[in-house]
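As numbered in our numbering, residues 1 to 101 make up the sequence shown, in order.
Note that the Cβ used here is the ideal one computed from N, Cα and C, for glycine as well.
Since this is a predicted model, take the numbers as computed values, not measurements.
Since the structure comes first, as structure tokens, the remarks are kept for the end.
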Amino acid sequence: MNENSTRKITELNIILEELKKDAKDFSGDMIASVYLYFVAGAMSVLFGLQTGWYNRVDMLSGDIIPLSLMIIQIIAGTALVIRGVLLRKKYSRIFRLRKKL
């Protein structure tokens with residue numbers, strides 16, 4: 001191995017040792033971060049629906065700005081929820097192990 005690869009492996013080992021020391025707290029923080037995607041996504045979808053509701057008269061009269069804002073917020077919220085689902089699936093083993101602790 002060259003010197004650069006050896007240095008990277010050493011740095012990764014240092015990181016892994018720190019993660020081992022703090023694994024329980026780290027897993028809890030990671031799980032909370034995944035749930036944050038769900039909360040942020042739900043809030044964004046609700047804000048989008050609220051934007052549509054409060055501006056329904058303007059949108060029906062042809063104003064496309066509130067409609068655009070509503071669509072963008074709903075799409076962004078949906079993307080956040082999907083990302084949360086994917087992360088939960090990716091780290092499902094950690095979620096199960098954390099519940100056992």
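Does the beta-carbon of T51 have 16 or more other beta-carbons within 10 angstroms, so that it is buried, or is it exposed?
So T51 ends up on the buried side.
Closest to L69 by CA distance: which of S27, N2, I31, L46 is it?
Among S27, N2, I31, L46, the Cα nearest to that of L69 is on L46.
Run through the segment 9-62 for me and flag every whole beta strand (DSSP E) of 3 or more residues, listed as ranges in chain order.
Secondary structure within the segment 9-62: not one fully enclosed beta strand (DSSP E) run of 3 or more consecutive residues is present.
Tell me the rounded alpha-carbon separation between N13 and R7.
Going by the C-alpha atoms only, they are around 10 angstroms apart.
Leaving out five residues before and five after S27 in sequence, what residues of the same chain have Cβ atoms less than 6 angstroms from its Cβ?
The beta carbon of S27 is closer than 6 angstroms to those of I94, R98 in its chain, skipping five residues each way along the sequence.
Comparing the C-beta of R93 with each C-beta of chain C, is any distance below 8 angstroms?
Considering every chain present, this structure includes no chain C. It has just one protein chain.
Residue environment, S92, which counts as buried when at least 16 other CB atoms sit within 10 Å:
Label assigned to S92: exposed.
Rounded separation between L101 and L36 - CA only:
Each residue's Cα considered, the two are about 21 angstroms apart.
On the premise that G84 lies in contact with G41, defined as a C-beta separation below 8 angstroms, what is that separation, rounded to the nearest angstrom?
Contact between G41 and G84 holds: CB atoms are separated by about 6 angstroms, below the 8 angstroms threshold.
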